[in-house]
Amino acid sequence: MNFVQASVQEINMFLEERKKNYDQGNSFLSLLAEDKRKSVRNLAQKYISWLDKQEKEKERLVSLRRYENRLVAQGYQLIAGIDEAGRGPLAGPVVACAVVLPADCFLPGINDSKKISAKKREELAVLIEEQALAIGIGQAEVEEIDRINILQANFQAMQRAVAQLQIEPNYLLIDGNIAPHFALPYLPLVGGDSKSISIAAASIMAKVTRDKIMEQLDELYPQYGFAQHKGYGTAKHVQALAEHGVSPVHRLSFDLVRQYR
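So for the sequence shown, our numbering puts the first residue at 137; every next one is plus one.
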């Protein structure tokens with residue numbers, strides 16, 4: 137492109153398109169930075185700032201693979217990250233997910249599902265589904281939670297998630313300080329969804345899956361507002377319990393729910 141003759145709009149379009157392949161080199165930036173037009177120089181500066189953010193994100197993603205890289209160095213090639221969503225809510229199932237990612241996956245913005253917006257989780261879920269080698273989803277329903285307690289139900293959901301993987305992993309990274317028993321070698325990681333890219337991917341998939349379930353339950357029981365609070369004990373949810381009593385999808389083993397039977 138002849139930057140001297142190009143319009144500001146054309147240069148802006150060029151830079152936006154260039155973001156898709158910025159690794160191919162950016163020597164043209166020196167020309168834009170020296171352009172006589174202030175608006176062009178501003179575009180160049182914005183692009184440089186964007187490049188800086190991309191490099192920092194790459195560094196963060198490398199750090200997020202440190203546990204996976206150590207395991208690969210030890211000979212483990214198929215590593216599954218495992219996490220759950222829904223241990224704390226007053227209603228709905230607990231959902232667990234296991235994800236096996238390839239070594240060359242690129243998931244910019246991935247993090248603990250609690251640290252990113254619902255929109256970003258949805259976007260990342262699409263990328264994870266496109267890039268993952270395998271994804272397994274497991275859940276435990278309210279009846280099981282009430283019968284064996286939430287911790288054991290959570291463990292059951294995790295085991296079911298691993299069983300649903302299309303390929304068998306040879307190592308498991310699990311969010312939390314304790315984990316269910318697996319025949320495979322595994323490592324519990326406290327705060328694992330902020331330390332391991334595989335666990336972070338699992339946390340996002342579990343959260344997105346459970347949120348969709350709660351939105352479906354909202355259609356069956358609209359008086360409780362499940363689509364908004366996803367079953368957590370918000371003030372509005374507790375108020376709905378006081379007004380309507382418990383539904384078939386509320387956890388009677390939870391003290392706050394039991395008082396509204």
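Positions of the beta carbon are idealized from the N, C-alpha and C atoms, including for glycine.
Model, not experiment: these values are computed from the prediction.
query                                                                                                                                                             : result
Can you list the beta strand (DSSP E) stretches of 3 or more residues lying completely in the segment 258-284, in chain order?                                    : 270-276
Buried or exposed: which applies to residue 149, given that a residue is buried once 16 or more other Cβ atoms fall within 10 Å of its Cβ?                        : exposed
Report all residues from its chain with a CB closer than 7 Å to the CB of residue 206; omit the five preceding and five following residues, and keep chain order. : none
Taking the alpha-carbon of residue 214 as reference, which of 321, 174, 327 and 141 has the nearest alpha-carbon?                                                 : 321
Is it right to say residue 346 is buried, meaning 16 or more other beta carbons lie within 10 angstroms of its own, or is it exposed?                             : buried
Between the C-alpha atoms of residue 267 and residue 348, what's the straight-line distance to the nearest angstrom?                                              : 21 Å
Would you kindly work out how many angstroms separate the C-alpha atoms of residue 262 and residue 335, rounded to a whole number?                                : 16 Å
Mapping the DSSP letters down to three states, classify residue 203 as helix, strand or coil.                                                                     : helix
With contact counted as at least three CB pairs below 8 Å, one residue from each stretch, are the segment 269-282 and the segment 233-246 in contact?             : yes
Is residue 316 helix, strand or coil when you go by DSSP?                                                                                                         : coil
Do the segment 273-283 and the segment 292-305 meet, that is, are 3 or more Cβ pairs less than 8 Å apart?                                                         : yes
Does residue 291 pass the burial test, meaning 16 or more other C-beta atoms within 10 Å, or should it be called exposed?                                         : buried
Buried or exposed: residue 242, going by 16 or more other Cβ atoms within 10 Å of its Cβ?                                                                         : exposed
Using alpha carbons as the reference points, say which of 281, 354, 154 and 307 lies closest to residue 203.                                                      : 307
Measuring only the C-alpha atoms, how far is residue 259 from residue 251?                                                                                        : 14 Å
May I have the straight-line CA-CA distance separating residue 351 from residue 360, to the nearest angstrom?                                                     : 11 Å
Restricting to runs no shorter than 3 residues, where is the beta strand (DSSP E) found entirely within the segment 157-222?                                      : 215-221
Using CA atoms only, rank isn't needed, just tell me which of 182, 305 and 323 is closest to residue 313.                                                         : 323
With DSSP run on the structure shown, which of helix, strand or coil describes residue 347?                                                                       : helix
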